[in-house]
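Worksheet: the structure to be examined is printed underneath.
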Amino acid sequence: MPAWLVFLLSGGCVVLAGTVLSRSGDAISERTGLGRVWVGAILVAAATSLPELTTGLYAVRQGDVNLTVGNLFGASMANMLILAVADLTLTRVRVLTRVAINQAVVGTLAVALTATAAVGILTDQHLSLLGLGWAPLAIAFGYIAGMRIIYLNRVGPPFLEPDEATVVAAKAAGLRRAAISFVVAAAVVLVAARYLASSAVTVADQLGITTGFMGIALLAITTSLPEVTVTVASVRAGWYDLAVGNLLGSVAFNMLILLPLDLADRSGPLLAQVEPGVLVGALFACILIGQTLLEILNTSEERIWYLEPGAFFRVATYALGLYLIFQMGS
């Protein structure tokens, strides 16, 4: 079967599974009382980031370090592009003004971990532990601490009155169904991503594209298909916190993936081996997350379009980033 056809078919499976992840993720947030921010930023984000993990492990084993790391930063850029496009397509609703303020905690964690990875690209060769760069280790500790903070700031479940206790059994049954659906959908994403990774490398070779640009642009957009599907389904249903939490949480989880990838790579610190264009991808990911955070924190209803261009500015920033990365890799 041609590589491009495998690429398209596996991508289609990822999209279908993403729809199930959105529905089951919302059901879990409702029945556990954990809230859409926490479920989106942790559970759904981890599931939708499985393609990045699978793709990264495959690429590392093939020796394509630039494709591996570039895909992670590119997926983070693509996630912010998805939010910008959602804002542009919904003319009557500004998605980022409809979310809980504690989404800023998720965004701050995402930009901090991404910045740590960017610094690691420049310094991991000078400071390592047992062949691992310091940055992936620091990111892992930072991720755990950040998820704890997000958990403490979640919206708690409502107090159950005595006459409401009869619905607990029904909620438990619904939670089991949602959990099973979530696990099955995540498994589909994991299996499909395996074929997505191998075909993507083949397509990159056939097109003669540098693997750094391939990871940041083409492959990153494809592995972000679960996030696209979850965002579309969540926004249509009005679950804005689930959509935004998933996208920002996926950025943070993408950085966490650097640790298992560094463990899988046997040629020294992973981040010390990447090309300069990949570092540019990390920096533009930080810029895009920062722009998104400003939109979340800006609660003013009166906006001046040429001073606060919002989604248009984020799309332009993404395009500029891709152009510079392509020029550096050509």
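In the numbering used here, the protein residues as written are 9 to 338. All residues carry an ideal CB built from backbone N, CA and C; glycine is no exception.
Query: Evaluate F261 with the Cβ neighbour count: other Cβ atoms within 10 Å of its Cβ, from every protein chain shown; 16 or more gives buried, anything less gives exposed.; Result: buried
Query: Suppose the cutoff is 8 angstroms on Cβ atoms and the five residues either side in sequence are ignored; what does the same chain contact list for I157 look like?; Result: V113 and L117
Query: Would you report the Cα separation of I333 and L226, rounded to the nearest angstrom?; Result: 12 angstroms
Query: Can you check DSSP and say which residues form a bridge with G141?; Result: S136
Query: With 16 as the cutoff for other CB atoms within 10 Å, does L160 come out buried or exposed?; Result: exposed
Query: Would you say the region 68-85 touches the region 238-250, given that touching needs at least three Cβ pairs under 8 angstroms?; Result: no
Query: Would you identify the three-state DSSP class for P268, choosing helix, strand or coil?; Result: helix
Query: Give the list of continuous beta strand (DSSP E) stretches no shorter than 3 residues that lie fully inside the region 219-257.; Result: none
Query: If we ignore side chains and look at the alpha-carbon of each, how far apart do W142 and V101 end up?; Result: 42 angstroms
Query: Which residue comes first and which comes last in the alpha helix (DSSP H) that contains Q111?; Result: Q111 to T131
Query: Do you know offhand how far A272's Cα is from F321's?; Result: 38 angstroms
Query: Going by Cα to Cα distance, which pick from I188, S189 and T231 is closest to R202?; Result: T231
Query: Count the other CB atoms within 10 Å of the CB of V191; is the residue buried (16 or more) or exposed (fewer)?; Result: exposed
Query: Could you give the distance in angstroms between the alpha-carbon of A290 and the alpha-carbon of G82?; Result: 8 angstroms
Query: Taking the straight line between their C-alpha atoms, what separation do you get for G64 and G78?; Result: 9 angstroms
Query: Terminal residues of the continuous alpha helix (DSSP H) containing A67?; Result: L58 to R69
Query: Quick one: what does DSSP say R44 is sitting in, helix, strand or coil?; Result: helix
Query: Our contact map puts L198 next to T56 with C-beta atoms below 8 angstroms; I'd like the distance itself, whole angstroms only.; Result: Not a contact, Cβ separation roughly 11 angstroms.
Query: Quick one, are the C-beta atoms of D95 and G298 less than 8 angstroms apart?; Result: no
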